[in-house]
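Novice: Sharing a structure below in C-alpha cells format, with a few things to ask.
2 protein chains.
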Amino acid sequence: MSIEEFDLLAFLPYRLAVLSERVSRRLSAEYARLHGLSVAEWRVMVHLLSFQEVSIREICDYANLDKPKASRAVARLEQNGWVRKKSAEGDGRLVAISLTEEGHKVMEDIIPAAKDVERNLLEALSPADHIHLGEIVEKLHAVLDRDPKARPRAQKSA
Amino acid sequence: MSIEEFDLLAFLPYRLAVLSERVSRRLSAEYARLHGLSVAEWRVMVHLLSFQEVSIREICDYANLDKPKASRAVARLEQNGWVRKKSAEGDGRLVAISLTEEGHKVMEDIIPAAKDVERNLLEALSPADHIHLGEIVEKLHAVLDRDPKARPRAQKSA
DNA sequence: CCCCCTTCATTGCATATGCAACGAGTTACC
DNA sequence: GGTAACTCGTTGCATATGCAATGAAGGGGG
Numbered sequence: 035m036s037i038e039e040f041d042l043l044a045f046l047p048y049r050l051a052v053l054s055e056r057v058s059r060r061l062s063a064e065y066a067r068l069h070g071l072s073v074a075e076w077r078v079m080v081h082l083l084s085f086q087e088v089s090i091r092e093i094c095d096y097a098n099l100d101k102p103k104a105s106r107a108v109a110r111l112e113q114n115g116w117v118r119k120k121s122a123e124g125d126g127r128l129v130a131i132s133l134t135e136e137g138h139k140v141m142e143d144i145i146p147a148a149k150d151v152e153r154n155l156l157e158a159l160s161p162a163d164h165i166h167l168g169e170i171v172e173k174l175h176a177v178l179d180r181d182p183k184a185r186p187r188a189q190k191s192a
Numbered sequence: 035m036s037i038e039e040f041d042l043l044a045f046l047p048y049r050l051a052v053l054s055e056r057v058s059r060r061l062s063a064e065y066a067r068l069h070g071l072s073v074a075e076w077r078v079m080v081h082l083l084s085f086q087e088v089s090i091r092e093i094c095d096y097a098n099l100d101k102p103k104a105s106r107a108v109a110r111l112e113q114n115g116w117v118r119k120k121s122a123e124g125d126g127r128l129v130a131i132s133l134t135e136e137g138h139k140v141m142e143d144i145i146p147a148a149k150d151v152e153r154n155l156l157e158a159l160s161p162a163d164h165i166h167l168g169e170i171v172e173k174l175h176a177v178l179d180r181d182p183k184a185r186p187r188a189q190k191s192a
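If you read the protein sequences in the order shown, they are chains X and V. Residues in the first sequence are numbered from 35 upward in steps of one, following our numbering. Residues in the second sequence are numbered from 35 upward in steps of one, following our numbering.
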C-alpha cells in the first residue's frame with residue numbers, strides 16, 4: 035500500500051481536531067463576546083463554580099490545563115476582580131482560589147449561553163447517539179491510558 | 035436549575051477538546067520525534083502527498099489551516115528542503131508548492147507511524163462504533179454549518 | 001535540628017498563534 | 001484601457017503558548 039493513499043480527511047486524529055476546534059471556537063465566541071474570557075479562564079471559572087477553595091494544581095488536574103496556563107488565567111481573573119486568591123491555611127505552598135460575587139455574576143451570564151451551544155449540538159444527536167459517543171470517547175481515552183507515549187489523562191473527578 | 039450544577043467533565047465541547055488534544059499530542063509525538071514537524075507542517079506535507087502543485091489557498095481549504103499558518107509552515111518546509119515553491123504559471127498571485135524527493139522520504143518515515151497511531155485507536159472501536167462515530171461527527175458539523183455564528187467548514191474535498 | 005528531596009506556583013524565554021494590514025497580481029466593468 | 005474591487009500570499013504586531021528553571025514551602029531521615 036503506497037503512502038500516497040493516505041487520506042487526511044478520513045484520518046481520525048484530524049477529524050477529531052477539526053470538529054473539536056470548530057466546536058470550541060463556536061463556544062468561545064459566546065464567552066469572549068460576553069466577557070472577554072479565554073478558554074483557560076473559562077475553564078477555571080467553571081471549576082470554581084463547583085469548588086470553593088482550590089489550588090492551581092487542582093485546577094490543572096480537573097480542567098486539563100498545564101500549570102503556567104492555569105496560573106496566568108487565575109492572575110488575569112484576579113485582575114478583573116472575578117476571582118480571589120489567598121495563601122492556603124494549612125500549606126503555605128498552595129493558593130486558595132475562589133470566585134467573587136462579581137465572578138459569579140459573570141458566570142450567570144455565560145453558563146446559559148454555553149448550555150445553549152451544547153444543547154444545539156446535542157439536539158442533532160439521538161439519545162442513543164449521545165450515549166454511544168460517550169462510550170466511544172471513553173474507549174479512545176482508554177487506549178491512550180494504556181499507551182506510555184501518550185500524556186496521562188489529567189482529568190480527576192471531585 | 036442553578037448554574038452551580040454545570041459539570042465541565044460532561045460538557046460536550048470540553049470532552050471533545052480534551053480527547054482531541056490528547057490524540058493530537060500522541061500523534062505529533064511521532065512526527066516531531068521523527069523529523070521535527072509541527073502540526074501545520076504535517077498537514078501540509080500530507081496534502082502534498084496527494085496533490086502535485088497546490089497553492090497556499092488550497093492548503094488552507096483542505097487542511098483546515100489559516101493563511102498565515104499555512105504560509106509559514108510552507109516557508110519552513112522549504113527551508114528544510116522538503117518542499118519546492120515556485121510561482122504558478124497562469125496566475126502570478128498563486129504559488130505552486132510541491133514535495134521534493136527528500137520530502138517524500140520524510141513522509142515515508144512518518145506515514146506508517148501515523149497509521150499505527152490511528153490503528154491503535156481504531157482497534158478499540160468496533161466497526162459499528164467507527165461508522166457511528168463518523169455519523170455523529172458529521173451530524174455535529176451539520177449543526178455548525180447551519181449556525182451563522184460558527185466558522186464555516188473549511189474542508190473541501192479534492 | 002539540618003539537610004535533602006519533593007511539591008507548588010510563578011516567571012523567563014523562545015516560539016507559535018491570530019488577526020489585520022499590506023503589496024502584488026488579476027478580474028470586471030465602464 | 002483604466003480604474004475599482006477582489007484574490008492571493010506574506011508580514012507586523014500583540015498576545016498566547018510550552019517548557020524548563022526558579023524560588024518558596026513541606027516532609028522525612030538521621
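No residue lacks a Cβ here, since even glycine has one placed at the ideal position from N, Cα and C.
1. Is the Cβ of residue 37 of chain V closer than 8 Å to any Cβ of chain X?
2. The alpha helix (DSSP H) spanning residue 133 of chain V covers which residue range?
3. To which residues of the same chain is residue 97 of chain X closer than 6 Å at the C-beta, ignoring the five residues directly before and after it?
4. Which of the three DSSP states, helix, strand or coil, is assigned to residue 153 of chain X?
5. Identify the contact partners of residue 181 of chain V in chain X, using a Cβ-Cβ distance below 8 Å as the criterion.
6. Among V/123, V/126, V/152 and V/183, whose alpha-carbon lies nearest the alpha-carbon of residue 147 of chain X?
7. Quick check: the Cα distance between residue 132 of chain X and residue 53 of chain V, rounded to an integer number of angstroms?
8. Tell me whether the beta-carbon of residue 45 of chain V lies closer than 8 Å to the beta-carbon of residue 152 of chain X.
9. Check whether the Cβ atoms of residue 166 of chain V and residue 175 of chain X sit closer than 8 Å, and answer yes or no.
10. Given this structure, state the Cα-to-Cα distance separating residue 139 of chain V from residue 72 of chain V, to the nearest angstrom.
11. Pull up the distance between the alpha-carbon of residue 69 of chain X and that of residue 116 of chain X, whole angstroms please.
12. In terms of DSSP beta bridges, what is residue 119 of chain V paired with?
13. To the nearest angstrom, report how far apart residue 124 of chain X and residue 94 of chain X are at their CA atoms.
14. Considering Cα atoms alone, identify which of X/37, X/156 and X/129 is closest to residue 178 of chain V.
15. Using a Cβ cut-off of 7 Å, pull out every chain V residue sitting near residue 85 of chain X, in sequence order please.
16. Any idea if residue 109 of chain X is buried or exposed, counting beta-carbon neighbours within 10 angstroms, 16 or more meaning buried?
17. According to DSSP, is residue 54 of chain V part of a helix, a strand, or is it coil?
18. Counting C-beta neighbours from all protein chains within 10 Å, is the total for residue 75 of chain V 16 or more, i.e. buried, or is it exposed?
19. Using 8 Å as the threshold, is the C-beta distance between residue 51 of chain V and residue 58 of chain X below it?
20. Within 8 Å of any Cβ in chain V, is that where the Cβ of residue 193 of chain X sits?
21. May I have the straight-line CA-CA distance separating residue 128 of chain V from residue 134 of chain X, to the nearest angstrom?
22. Against chain V, with Cβ distances strictly below 8 Å, would residue 12 of chain X count as a contact?
Specialist: Once the coordinates are examined:
1. At a cut-off of 8 Å between beta carbons, residue 37 of chain V contacts chain X.
2. Premise fails: residue 133 of chain V lies in the beta strand (DSSP E), 129-133, not in any alpha helix (DSSP H).
3. Shown here for residue 97 of chain X: same chain residues with a beta carbon closer than 6 Å to its own, the five before and five after excluded, namely 77 and 81 in chain order.
4. In this structure, DSSP gives residue 153 of chain X a helical state, which the three-state scheme calls helix.
5. Think of a sphere of 8 Å around the beta carbon of residue 181 of chain V: the chain X residues whose beta carbon falls inside it are 60 and 154, in chain order.
6. Of V/123, V/126, V/152 and V/183, the residue nearest in Cα terms is V/183.
7. 28 Å
8. yes
9. no
10. 17 Å
11. 11 Å
12. The partner list for residue 119 of chain V (beta bridge, DSSP) reads V/131.
13. 20 Å
14. X/156
15. What residue 85 of chain X touches in chain V: nothing, since even the nearest Cβ is about 10 Å away.
16. exposed
17. helix
18. buried
19. yes
20. A question about residue 193 of chain X goes unanswered here, because the residues of chain X that appear run from 35 up to 192.
21. 53 Å
22. Since the first and last residues shown for chain X are 35 and 192, residue 12 of chain X lies out of range.
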